[in-house]
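Okay, structure first, notes after.
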Amino acid sequence: MTHSHRTWHRPSRLALAAALVIGPWLAAQADGGDEPLGVERAVTLPAQAKGNPPAWAGKAFRQGVVAVANPYGAEAGAQVLEQGGNAIDAAVAIAYALNVVEPQSAGIGGGGFMMIHLAASGQTLTIDSREKAPAGATRNMFVGVPNASLQGVAVGVPGMVRGTALALQRFGRLPLAQVLQPAIALADQGFAATPRFVGSPNCTSTSATNRAFNSPLVKDYFCPGGQAIAAGTVVTNKPLAETFRLIATHGADCFYKLDIAKGCDIAQGIVEGQTWNRPQAAGGKGGSMTYADLEAYQPAIRPVVEGTYRGYRIKSMGPPSSGALTVLQILKQLERFPIGDASQGYGFGSVKTLNVMAESMRLAFADRRDWMGDADFASVPTRGLIDERYLTQRSLLIQPGAVRPGLAPSSDPRPFEVAGLQAQPMRNVALAGPSMENGTTHFSVVDKWGNVVSYTNTIESGYGIGVFAGYARPDGSFRNHGFLLNNELTDFNTTPADHPYIVGAIGANDVVADKRPRSSMAPTMLFSPDGQPLLAYGSPGGATIINSVVNITMNLVDHRMTLQEAIDAARISVAGPGATREGGVTLGTVTLENRFPAATVDAMRALGYNVGSGDVGSVQAVLIEPRTGKQYGAADDRREGTVIGLPRPRGR
Ligand code: GLY
5 MTHSHRTWHR PSRLALAAAL VIGPWLAAQA DGGDEPLGVE RAVTLPAQAK
55 GNPPAWAGKA FRQGVVAVAN PYGAEAGAQV LEQGGNAIDA AVAIAYALNV
105 VEPQSAGIGG GGFMMIHLAA SGQTLTIDSR EKAPAGATRN MFVGVPNASL
155 QGVAVGVPGM VRGTALALQR FGRLPLAQVL QPAIALADQG FAATPRFVGS
205 PNCTSTSATN RAFNSPLVKD YFCPGGQAIA AGTVVTNKPL AETFRLIATH
255 GADCFYKLDI AKGCDIAQGI VEGQTWNRPQ AAGGKGGSMT YADLEAYQPA
305 IRPVVEGTYR GYRIKSMGPP SSGALTVLQI LKQLERFPIG DASQGYGFGS
355 VKTLNVMAES MRLAFADRRD WMGDADFASV PTRGLIDERY LTQRSLLIQP
405 GAVRPGLAPS SDPRPFEVAG LQAQPMRNVA LAGPSMENGT THFSVVDKWG
455 NVVSYTNTIE SGYGIGVFAG YARPDGSFRN HGFLLNNELT DFNTTPADHP
505 YIVGAIGAND VVADKRPRSS MAPTMLFSPD GQPLLAYGSP GGATIINSVV
555 NITMNLVDHR MTLQEAIDAA RISVAGPGAT REGGVTLGTV TLENRFPAAT
605 VDAMRALGYN VGSGDVGSVQ AVLIEPRTGK QYGAADDRRE GTVIGLPRPR
655 GR
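Residue numbering for the sequence shown is 5 to 656, as defined by our numbering.
This is the structure:
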């Protein structure tokens with residue numbers, strides 16, 4: 005087994021890598037003459053990775069814009085646009101590049117949702133590359149498994165490789181092999197480790213649930229010798245470069261089918277990797293994925309789910325994601341309040357505004373818990389859940405100035421979906437709450453033709469199950485494929501539950517073979533009332549993704565902020581039906597980012613909320629000004645958000 009972190013030995017090779025991949029800022033650092041082999045050398049990081057004020061803020065472009073949570077990912081997308089690629093080509097390049105430079109968040113071991121708006125036809129659609137449960141998965145497979153999200157049983161059949169290949173085949177301009185080049189060069193020749201790359205694994209933690217330490221190989225890659233890597237150190241991932249080359253040469257099937265004659269052995273690394281039975285925990289459990297599960301995996305092209313907020317049209321990701329339905333519910337329930345009007349006590353950040361936002365989130369998350377899941381398997385009333393009459397009724401449950409005690413109730417939207425049905429009361433069954441995680445990444449792209457991509461991609465938790473795909477060769481050496489396996493299946497209800505409204509049905513998000521676990525990912529686009537695309541945006545953050553999208557939408561529509569102001573502003577999130585602490589029991593939490601003043605936190609506590617803190621999400625967005633066609637980008641300093649607009653100003 006080899007670990008792939010190395011010091012920067014050969015400036016001349018790095019100069020080549022920098023010129024090809026990393027861009028002018030790093031190329032300038034890469035002409036330092038001959039260094040003796042083995043001498044560690046730090047390089048200067050891209051400016052945005054150091055939290056410097058972004059030079060691009062507020063600038064308009066016409067040849068395309070990428071907004072990505074990592075500077076190298078942004079550079080990969082910009083290069084592909086400069087080579088004549090469209091937004092779809094750039095998005096695929098970014099997704100692969102992020103697997104190298106932000107591997108803890110997303111990559112080919114996982115899946116995601118790519119929303120595409122095609123300028124020529126005006127069509128907006130999504131490509132669903134969400135992971136699936138293997139055929140051997142059972143409803144009870146997580147019961148009694150300790151730390152299930154660190155076990156092989158949590159690994160879903162990965163979707164990104166076929167999802168991105170489908171996107172390119174249907175909507176791209178460039179071949180897969182070309183689009184993969186920036187990622188291959190980054191993995192092979194290295195990149196200067198960013199503060200987030202080196203800071204995400206807690207190398208001093210002795211916690212048994214430290215994901216980055218779940219397997220020796222992963223620990224050694226992210227914390228070689230148990231030490232954190234210094235920011236700026238050049239890091240490679242040669243095994244991943246080799247994996248990418250196999251895909252570039254033989255196509256997506258090389259990932260999904262074992263074909264030793266061609267050298268396609270990635271499937272063996274996935275199937276054997278997901279048998280991981282965490283040795284630290286008694287009762288660990290490997291996964292049941294087979295070669296047949298991998299071969300059978302197919303992405304799906306799905307229509308968007310859409311609705312309106314104050315006249316603006318919002319398109320987002322429907323089932324198996326809960327993203328669109330929950331975002332639209334929260335917003336629609338708030339439409340009757342004059343959120344933008346400070347003279348009535350509302351306005352950005354006022355307690356009155358935060359109170360009704362929190363209550364609306366709680367109601368929507370109650371419906372999400374009971375009704376949302378993979379609609380290929382569960383009966384999800386997608387029209388009823390966002391029907392205006394239904395949401396008007398639901399909104400009446402929000403009382404400004406009051407905090408609902410206990411858990412917010414769900415309701416039965418089916419009469420708004422199918423005429424003549426009667427709403428049923430909720431039965432007394434328990435369903436698991438939403439999951440939280442810190443993996444996942446979101447980026448947005450617009451090209452010079454006006455095609456737009458909004459793409460959220462994930463391996464679920466940071467570092468997934470903390471295991472690289474790979475297998476032991478007969479000679480005892482380890483064949484490492486260099487990418488992390490997801491733990492997406494713990495997005496299912498890990499404790500099975502009967503459906504609370506449909507007698508005889510299982511929970512909408514219970515595990516079923518071949519089903520996709522419910523997601524919160526919400527790649528979103530906002531359109532003008534006359535249907536012009538204005539904005540592509542989204543966020544990581546588990547269930548809080550939904551609330552990040554809600555915050556940004558309201559900041560723009562209600563509070564009339566600029567795009568960068570909307571992203572920078574403090575966010576509120578409630579990711580479940582509870583928001584209080586009662587009788588010594590925590591029923592839920594209102595997260596208020598510490599960008600809010602302390603007085604706001606105190607006032608929300610005084611109202612009765614259980615208030616927590618912490619960052620909420622990382623939003624990357626592109627905006628098109630419909631009258632002029634000018635393009636803008638904005639990104640999030642909660643991670644290493646970077647915007648590159650084209651044509652590049654001199655010196656960038
Ligand atoms: N892994 C994050 C989500 O699907 O919601």
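Backbone N, C-alpha and C define an ideal beta-carbon position, used for all residues, glycine too.
Euclidean distance between Cα positions of residue i and residue j
i	j	result
G546	V578	12 angstroms
Q231	M558	43 angstroms
P651	V507	59 angstroms
R17	A328	Bear in mind that a pLDDT of 29 at R17, under 50, signals an unreliable position, so the number given afterwards is only what the model happens to contain. Straight-line Cα distance between these residues: approximately 46 angstroms.
M529	A286	46 angstroms
R483	G229	21 angstroms
E629	A252	36 angstroms
T396	D297	44 angstroms
G437	R373	Caution applies to G437, whose pLDDT of 47 falls short of 50 and renders its modelled position unreliable; the value that the coordinates give is listed next. Cα-Cα distance, rounded: 7 angstroms.
H503	Q278	30 angstroms
P478	Q302	32 angstroms
R66	K634	6 angstroms
N74	Y316	30 angstroms
G580	S364	11 angstroms
G351	P527	26 angstroms
L338	Q348	15 angstroms
D224	A97	27 angstroms
L538	D451	13 angstroms
V331	Y613	22 angstroms
E586	R609	13 angstroms
Simplified DSSP assignment, three categories, for residue i
i	result
V202	helix
L401	coil
Q624	coil
H254	helix
D192	helix
G115	strand
D391	coil
I233	coil
I506	coil
I131	strand
L41	Note that L41 scores 24 on pLDDT, short of 50, meaning its location in the model is unreliable; the coordinates nonetheless yield the value given after this. It is coil, neither helix nor strand.
L488	strand
P438	Confidence at P438 is low in this model, with a pLDDT of 42, below 50, so its placement is unreliable and the value that follows should be read with caution. Of the three classes helix, strand and coil, the one that applies to P438 here is coil, per DSSP.
V578	coil
Where the beta strand (DSSP E) containing residue i begins and where it ends
i	result
D451	T445 to D451
Y596	What sits at residue 596 in the sequence shown is Leu, not Tyr. That run of the beta strand (DSSP E) goes V594 to L596.
V72	G68 to V72
A476	F472 to A476
S458	V456 to T462
Y313	V309 to Y313
Distance CB(residue i)-CB(residue j) smaller than 7 angstroms
i	j	result
P413	A370	yes
I680	V457	Within the shown structure, residues of the chain are numbered from 5 to 656, placing residue 680 beyond reach of any answer.
S622	S326	no
G236	A187	no
G511	N497	yes
L244	F487	yes
I390	G322	no
A94	G454	no
R520	D619	no
G115	E86	no
R143	P601	no
A216	Y467	yes
T247	I270	yes
Unbroken alpha helix (DSSP H) run spanning residue i, endpoints
i	result
M608	A602 to L611
V84	P75 to E86
Y316	Premise fails: Y316 lies in the beta strand (DSSP E), Y316 to S320, not in any alpha helix (DSSP H).
L567	L567 to D572
I270	I270 to G277
E299	Y295 to A300
Q337	G327 to L338
D641	Careful: D641 lies outside any alpha helix (DSSP H) and carries neither H nor E.
Y100	A91 to V105
Start-end ranges of the alpha helix (DSSP H) lying completely within the segment 145 to 189, minimum 4 residues: List check, alpha helix (DSSP H) in window: 164 to 175 and 180 to 183.
Length-filtered (4 minimum) alpha helix (DSSP H) runs lying within the segment 206 to 230: Correct list: 220 to 226.
What residue ranges within the segment 350 to 388 form continuous alpha helix (DSSP H) runs of no fewer than 4 residues, ordered along the chain? Taking only runs of at least 4 residues, the alpha helix (DSSP H) segments lying wholly in the segment 350 to 388 are 355 to 375.
Which complete beta strand (DSSP E) runs does the segment 519 to 551 hold, if anything under 3 residues is left out? Qualifying beta strand (DSSP E) stretches, in chain order: 528 to 531 and 537 to 541.
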